[in-house]
Amino acid sequence: MAHEDCIFCKIIDGEIPSAKVYEDEHVYAFLDISQVTKGHTLVIPKKHTKNIYETPPEVASGLFERVPKIANAIKKVYKPIGMNLLNNNEEPADQSVFHLHIHIIPRYGQGDGYS
Ligand code: 5GP
Ligand code: ZN
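In this note's numbering, each residue carries its 1-based index in the sequence shown increased by 6.
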């Protein structure tokens, strides 16, 4: 169920527009609004969960199970030479949206703007 005032739940529900990368019954993937590199994508579970601490195993497995497929789709389109996966939990660790998400950050070599 959508969590009140959660922007990622609103994105899943289509109330806030997003550039969809992938979607199925468990996950939604979309381009980050402020891409640190070309193709920077967020993968989120459709079931609202605040961060990794509050994530039930079945939600975690549904999410992580799909990451390789999504990463490969991004690799095919953007042709990066590498990729970082990142998950921030709680404010001191740079979590700014409190709906669990995995960042997929394609890398293009020195000067790609991300370090
Ligand atoms: P965090 O800092 O919580 O790990 O990552 C949250 C990410 O969500 C940030 O990279 C930020 O740019 C992205 N973001 C925040 N609001 C929106 C939005 O409305 N649309 C999209 N596509 N990305 C968003
Ligand atoms: Zn949410």
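Just so you know, even glycine gets a beta-carbon here, dropped at the ideal spot from N, CA and C.
Measure from the alpha carbon of residue i to the alpha carbon of each residue in the options, then state which is nearest.
{"i": "Gly115", "options": "His54, Gly88, Val83", "result": "Gly88"}
{"i": "Asp2", "options": "Asp30, His54, Lys26", "result": "Outside the modelled stretch of the chain, which goes from 7 to 121, sits residue 2, for which no answer is possible."}
{"i": "Asn93", "options": "Glu64, Ile80, Val83, Pro51", "result": "Pro51"}
{"i": "Asp30", "options": "Pro98, Asp38, Leu69, Thr61", "result": "Leu69"}
{"i": "Arg113", "options": "Lys81, Pro98, Ser102", "result": "Lys81"}
Helix, strand or coil, according to DSSP, for residue i in the structure here?
{"i": "Asn90", "result": "strand"}
{"i": "Pro62", "result": "coil"}
{"i": "Val73", "result": "helix"}
{"i": "Glu29", "result": "strand"}
{"i": "Ala8", "result": "coil"}
{"i": "Tyr34", "result": "strand"}
{"i": "Ile18", "result": "helix"}
{"i": "Val49", "result": "strand"}
{"i": "Pro98", "result": "helix"}
Using C-beta distances below 7 Å, list every residue in its chain close to residue i, excluding the 5 sequence neighbours before and after it, in chain order.
{"i": "Gly119", "result": "Val42, Thr43"}
{"i": "Ile111", "result": "Val42, Thr43, His46, Met89, Asn90, Leu92, Tyr120"}
{"i": "Pro74", "result": "none"}
{"i": "Asp100", "result": "Asn94"}
{"i": "Glu21", "result": "none"}
Looking at residue j and residue i, is the spacing between their C-beta atoms short of 8 Å?
{"i": "His46", "j": "His109", "result": "yes"}
{"i": "Phe104", "j": "Lys56", "result": "yes"}
{"i": "Asn95", "j": "Ile39", "result": "no"}
{"i": "Tyr28", "j": "Ala79", "result": "yes"}
Within the 8 Å Cβ cut-off, does residue i reach chain D?
{"i": "Lys56", "result": "The displayed structure is made up of one protein chain only, and chain D is not part of it."}
In chain order, what residues of the same chain lie with their CB nearer than 6 Å to the CB of residue i, ignoring the 5 residues before and after it?
{"i": "Ala8", "result": "Cys15, Asp19"}
{"i": "His168", "result": "Nothing can be reported for residue 168, as the shown portion of the chain is limited to 7 through 121."}
{"i": "Arg72", "result": "Val33"}
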